[in-house]
Amino acid sequence: MTVTLTGSKTAPLTSITSAEGKFRFISLPPARDYVIKAELEGFKTVIRENIIVVVGRNVDITLTMEMGALEEEVTVIAETPVVDTKKTTVGANVTREVLQSLPTARDPWVILQMAPGVMVDRENVGGSESGQQASFMARGGGSDQWAMDGVVITDPSAISSPSYYDFDAFEEMNITTGGADVTVQTGGVQINLVTRRGGNQVSLGGRIYMTDSKFQAENLTDELRAEGVKGTNVIRNIKDYGFNFGGPIFKDKAWYWMSFGAQDIKTTNIYGTPDDTLLVNYAAKINAQIIPENRFEAFAHIGQKEKWGRSSSYSFPGGWHQTGKYHFGSPIVKFQDEHMFGDNLFVSVKYSFSDAGFNMIPMDDPNMEKVVAYDVTKGIYYNSYSFYRASRPITQFHFLSNYFNDNLMGASHEIKLGFEYSDRTGQHQSRYPGNMEYLYNYNTLTVDIDGDNIPDLVPEIKYFSFWRGWRDNNNVKAMAAYFSDTINIGRLNIIIGLRYDRQQPQILAFTKGAVNDAQPGDKKAWESLAKPNVITTLDRVLPGLEIPTVKPDYAWNVFSPRIGITYDVFGTGKTIAKLSFAQYGDYMGTGWADYFLPSYTGGWMDFWWLDATSLGGNGDGMLDLNELYWTYGNVYQPQRVFDDNGNFLLDPWLAYGYMWGSYDIDDPQKTKAPRYTVDESAGSMRTTEIIFGFEHELLPDFGVALDLFYRKLDKFNWELAYDPATGDKADKDEYTQVGTVPSQVGPYSTEEGAGRPYYLQKAGVPYRYYRYLEQRPGFYRDYKAVELRFTKRLSHRWMFNGSITLQDQRQHYGEGYLNPTNLWAIDNKIYAPSMGGASGKISMHVFSHWLVKLAGLYQLPLDFNISFSFNARQGHVIPFTVGIVDYNAPNPRNRSITVYCQEFGKLRLPNFWNLDIRLEKVIKASETGRIYLMADIFNVFNKAHINRRYDKHLGTYYMHNGYFAPNATNFMANEVLNPRVMRLGIRFQF
Numbered sequence: 003m004t005v006t007l008t009g010s011k012t013a014p015l016t017s018i019t020s021a022e023g024k025f026r027f028i029s030l031p032p033a034r035d036y037v038i039k040a041e042l043e044g045f046k047t048v049i050r051e052n053i054i055v056v057v058g059r060n061v062d063i064t065l066t067m068e069m070g071a072l073e074e075e076v077t078v079i080a081e082t083p084v085v086d087t088k089k090t091t092v093g094a095n096v097t098r099e100v101l102q103s104l105p106t107a108r109d110p111w112v113i114l115q116m117a118p119g120v121m122v123d124r125e126n127v128g129g130s131e132s133g134q135q136a137s138f139m140a141r142g143g144g145s146d147q148w149a150m151d152g153v154v155i156t157d158p159s160a161i162s163s164p165s166y167y168d169f170d171a172f173e174e175m176n177i178t179t180g181g182a183d184v185t186v187q188t189g190g191v192q193i194n195l196v197t198r199r200g201g202n203q204v205s206l207g208g209r210i211y212m213t214d215s216k217f218q219a220e221n222l223t224d225e226l227r228a229e230g231v232k233g234t235n236v237i238r239n240i241k242d243y244g245f246n247f248g249g250p251i252f253k254d255k256a257w258y259w260m261s262f263g264a265q266d267i268k269t270t271n272i273y274g275t276p277d278d279t280l281l282v283n284y285a286a287k288i289n290a291q292i293i294p295e296n297r298f299e300a301f302a303h304i305g306q307k308e309k310w311g312r313s314s315s316y317s318f319p320g321g322w323h324q325t326g327k328y329h330f331g332s333p334i335v336k337f338q339d340e341h342m343f344g345d346n347l348f349v350s351v352k353y354s355f356s357d358a359g360f361n362m363i364p365m366d367d368p369n370m371e372k373v374v375a376y377d378v379t380k381g382i383y384y385n386s387y388s389f390y391r392a393s394r395p396i397t398q399f400h401f402l403s404n405y406f407n408d409n410l411m412g413a414s415h416e417i418k419l420g421f422e423y424s425d426r427t428g429q430h431q432s433r434y435p436g437n438m439e440y441l442y443n444y445n446t447l448t449v450d451i452d453g454d455n456i457p458d459l460v461p462e463i464k465y466f467s468f469w470r471g472w473r474d475n476n477n478v479k480a481m482a483a484y485f486s487d488t489i490n491i492g493r494l495n496i497i498i499g500l501r502y503d504r505q506q507p508q509i510l511a512f513t514k515g516a517v518n519d520a521q522p523g524d525k526k527a528w529e530s531l532a533k534p535n536v537i538t539t540l541d542r543v544l545p546g547l548e549i550p551t552v553k554p555d556y557a558w559n560v561f562s563p564r565i566g567i568t569y570d571v572f573g574t575g576k577t578i579a580k581l582s583f584a585q586y587g588d589y590m591g592t593g594w595a596d597y598f599l600p601s602y603t604g605g606w607m608d609f610w611w612l613d614a615t616s617l618g619g620n621g622d623g624m625l626d627l628n629e630l631y632w633t634y635g636n637v638y639q640p641q642r643v644f645d646d647n648g649n650f651l652l653d654p655w656l657a658y659g660y661m662w663g664s665y666d667i668d669d670p671q672k673t674k675a676p677r678y679t680v681d682e683s684a685g686s687m688r689t690t691e692i693i694f695g696f697e698h699e700l701l702p703d704f705g706v707a708l709d710l711f712y713r714k715l716d717k718f719n720w721e722l723a724y725d726p727a728t729g730d731k732a733d734k735d736e737y738t739q740v741g742t743v744p745s746q747v748g749p750y751s752t753e754e755g756a757g758r759p760y761y762l763q764k765a766g767v768p769y770r771y772y773r774y775l776e777q778r779p780g781f782y783r784d785y786k787a788v789e790l791r792f793t794k795r796l797s798h799r800w801m802f803n804g805s806i807t808l809q810d811q812r813q814h815y816g817e818g819y820l821n822p823t824n825l826w827a828i829d830n831k832i833y834a835p836s837m838g839g840a841s842g843k844i845s846m847h848v849f850s851h852w853l854v855k856l857a858g859l860y861q862l863p864l865d866f867n868i869s870f871s872f873n874a875r876q877g878h879v880i881p882f883t884v885g886i887v888d889y890n891a892p893n894p895r896n897r898s899i900t901v902y903c904q905e906f907g908k909l910r911l912p913n914f915w916n917l918d919i920r921l922e923k924v925i926k927a928s929e930t931g932r933i934y935l936m937a938d939i940f941n942v943f944n945k946a947h948i949n950r951r952y953d954k955h956l957g958t959y960y961m962h963n964g965y966f967a968p969n970a971t972n973f974m975a976n977e978v979l980n981p982r983v984m985r986l987g988i989r990f991q992f
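Position in the sequence shown (from 1) plus 2 gives the number in the working numbering.
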């Protein structure tokens, strides 16, 4: 039998059925208009129309031939199955229909938040958060992976998205949270952004969306005002606009498609500071199918981000000005060629390149020439802050082959074989102007000024620090090979697979500077703070350094088995039982190379700066040699460091580890063996996963699924203080009980922590500069969940998707701890990782025992549509702690500790829920042309949820005299949900 497939996104394809009557078309682009025609002499021609294909799923179509003339046709509208009989993957396929029809903030992270089991650290109301990436996790964690059109584009250093995107460039988002096949390396969330492509018809689309403060309510409640909150996060103006077009170069042979999109986002944070972002994205794609058996694709995406006020916070009010490394933005380039050899062998070859480079400069100091000053009492940075520059290129090659045999040893086989290679680099620089800062306005005990050798409160003292600026130039070379066989025996499918990954780090050569660095602002910064003889002296005692290339004999070698079973319970293809077992390794970020960096390359030096006249200085705000002092060990009375000629007045090694470190002060250019000794047990984390579930097609186009999850994450690493000369490593026997937690610190109760013992190091435990990296004994995390998922495609005027997740994840320390002080609060308790701190917000501990996600659309008369998106979850976790300092502790190097006042996970933000709605009018401009007029309302009920708070860290309590230094940001609100806002938009597609 001859089977022909046609569609708007591909040239006609033909297949001859096997002796068993099977046919297949491989690697089709997603679309809703595929047509299959089956022809056989002596039988009526059968045509199935409107077949829906999505990424990563099999579509089984059964064709029944009737006796009759070939010229007779039987045409039916195909019912595309909503369950996949051959895959165990758990996740979501979010089609363009869903992407465009629901009221969302129009970025990938919002769509991720809609996916089953995914928890996100922020709430994006109407685009208020679209200028910054969200942090997220699912199923207990693991390295998340981003892909675009099937090519991994994950930022090799941050393990995150390397870019921002034009939302209208997406044909589909494919999200996997469990049960992944051998093509997937890690157990984290897998995101594949599938972009659009041209077809045989010329297409033109565009949109304009606008959100403005005039469309926005207020939600600053009396309760928030009483807490001291002066404002909430608000939108000032957001414009989202762009266009796309595509069509044939040669009909049925070659096609083009391209797009442009921009989001101009202007918001204000809770502190009244502007936080503005401009995202500009370009995309282009060429597809060619000169012969039916071969398909070629060239794709390019460029994402540019410019942000004003990134990471603006209480302590860093101005934030950063972020720009891209490249003029037009971060590039992603892919070339792919696919070839079908006969009907049974498919081969795909890909090459890709991406670079997630960017720069961040403090808004208050664009020329990086001011000295950073930190007010200890207020907890605020003034004048300037650190700058950050990143370059993160990745080059990759992929080979994939699929072989099909419908009768091999009595069964049907789909054999997959693949190879991958990637070269990842992370080049970074992060430092303050001049590689220095000073602290002032102390409200904590610092040095002894009355001669009793006990630290006193000295508000007028300052603390000056300088160091070699932080840089790296790391690289990881990775290769992978994988094999799988999907065996079909009647109703039963068995998937057997194995993946092997090898990842090897190295350090590429680079230079570090201290006083004399390459940046033009450094000289101005030093001259504004220090006298010339101070600059000369400090440059002599801590000069710059060149780091050579380092290629360690170390690699991760990970074997990852995958086994899956699916069974068609009733033989109808509508009720499928699924069981899968998988193990995953981790993604080696470029930061792993740092473990092999030679030691004594950092270098830092601190001084108590006695500039005030009351302390013997001249009060001119300039560093003088006679104003620089050290304290160390049990010596709390300041000791002058230099004479007037810049020579040491004391043995500097007395202050090693206290006032300077990370280099050899006698030979500053000397380096030593790496600080870290990496044990052979240290390597990739392992995720073991078991999923059992049922999928059922309840109605045509309506599927439901129930899944049970178990995951165990183990083989974690930890770092121990280490002495390579003796082989001694830090262990729990080095700690002893020093005291008990007081029941009251200042005005606060320590609640559950009161009376519990706290432990510090015993006398004689030395300071160890070196570290030992090894597998953490007995430590693991586990994850358990039950999840209900339902998907209703748009048909019969309605669409509905959703999920309900009940879950628990805990961490178990076993023997993997040193200090037992807080075990009562964290061992066998929930695991809620701190997320989001690198994305413009303070970190939050994110985990919810329950999640509810619903979204739907209904088509009203007169071509009106109404749709909604609803999200509810348990509130984020807030740690409840206090700092304790005990000067009577037996070891002067270890006199402070943070203790819990409550079991971790008990204190939470209130439960969160939010509803967004849309009303849309569809104007039909032609047979295929549509114009959409829409109004979206976000945060319909104008809720004023506090989304972020600083930890409930009470402050610091001094045991010897009862002094309490309160924490300025204790439980302070950091973010309030953006108030209700309306967005107006017009979108067209012809």
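Backbone N, C-alpha and C define an ideal beta-carbon position, used for all residues, glycine too.
Source: prediction; values computed, not measured.
What does a CB cutoff of less than 7 Å around residue i pick up in its chain, not counting 5 residues either side in sequence?
i	result
Phe25	Val5, Ser17 and Thr19
Asn821	Tyr737 and Tyr761
Thr971	Tyr316, Gly381 and Tyr952
Ala967	Asn445, Thr446, Gly957 and Thr958
Is it buried or exposed for residue i, if we count other Cβ within 10 angstroms and need 16 for buried?
i	result
Trp148	buried
Tyr423	exposed
Trp632	buried
His329	exposed
Asn649	exposed
Met411	exposed
His798	exposed
From the DSSP output, which residues share a beta bridge with residue i?
i	result
Ser582	Gly566 and Ile693
Tyr602	DSSP output for Tyr602 lists no bridge partner at all.
Pro835	The partner list for Pro835 (beta bridge, DSSP) is empty, contrary to what the question assumes.
Val2	Look at the range of the chain in this structure, 3 to 992, and you will see that residue 2 is not part of it.
Gln639	DSSP, once it has assigned bridges, lists no residue as partnering Gln639.
Tyr376	Tyr383 and Leu441
Give every residue of the same chain whose Cβ lies closer than 8 Å to the Cβ of residue i, excluding the five residues on either side of it in the sequence, and list them in chain order.
i	result
Leu617	Ile451, Val460, Glu462 and Ile463
Excluding sequence positions up to five away, which residues of its chain have a Cβ less than 6 Å from the Cβ of residue i?
i	result
Asn404	Phe348 and Lys418
Pro395	Asp357 and Thr427
Leu715	Gly142, Thr689 and Arg783
Asn803	Thr793 and Ala857
Glu548	Thr513
Are the CB atoms of residue i and residue j nearer to each other than 9 Å?
i	j	result
Lys855	Gln115	yes
Arg297	Ala286	no
Glu416	Ser582	no
Ile497	Ala413	no
Asn636	Glu125	no
Gln876	Ser845	no
Under 8 Å, with one C-beta from each stretch per pair, do the region 213 to 230 and the region 186 to 201 reach the 3-pair mark? Touching, no, given that fewer than three Cβ pairs across the two stretches are closer than 8 Å.
Review point. Using 8 Å as the threshold, is the region 873 to 888 in touch with the region 953 to 962, meaning 3 or more CB pairs across them?
Key: Three or more pairs of CB atoms, one per stretch, sit closer than 8 Å, so the region 873 to 888 contacts the region 953 to 962.
Fill in: Inter-stretch contact at 8 Å, needing at least 3 Cβ pairs: the region 487 to 503 / the region 554 to 566
With contact defined as three or more Cβ pairs closer than 8 Å, the region 487 to 503 and the region 554 to 566 are in contact.
Given 8 Å as the limit, is there contact between the region 938 to 954 and the region 971 to 978, that is, 3 or more CB pairs closer than that? Of all C-beta pairs linking the region 938 to 954 to the region 971 to 978, three or more are shorter than 8 Å, placing the two stretches in contact.
**Report entry** Cβ contact check for the region 568 to 577 and the region 510 to 519: 3 or more pairs under 8 Å
**Finding:** With the cut-off at 8 Å, the region 568 to 577 and the region 510 to 519 do not touch.
Quiz item: Counting Cβ pairs, one atom from each stretch, are 3 or more of them under 8 Å apart for the region 829 to 845 and the region 756 to 773?
Solution: The region 829 to 845, when compared against the region 756 to 773, does not touch it at the 8 Å Cβ threshold.
Query raised in the report: Is the region 897 to 904 touching the region 924 to 940, taking contact as three or more C-beta pairs under 8 Å?
Result: The answer is no - the region 924 to 940 does not touch the region 897 to 904, with fewer than three Cβ pairs under 8 Å.
- prompt: Does the pairing of the region 235 to 248 with the region 125 to 137 give three or more beta-carbon distances under 8 Å?
  reply: Yes, they touch.
Item to complete: Say whether the region 166 to 185 touches the region 86 to 95, bearing in mind that this needs 3 or more beta-carbon pairs closer than 8 Å, one atom from each stretch.
Response: The way I'd put it, the region 166 to 185 does touch the region 86 to 95; three or more beta-carbon pairs between them come closer than 8 Å.
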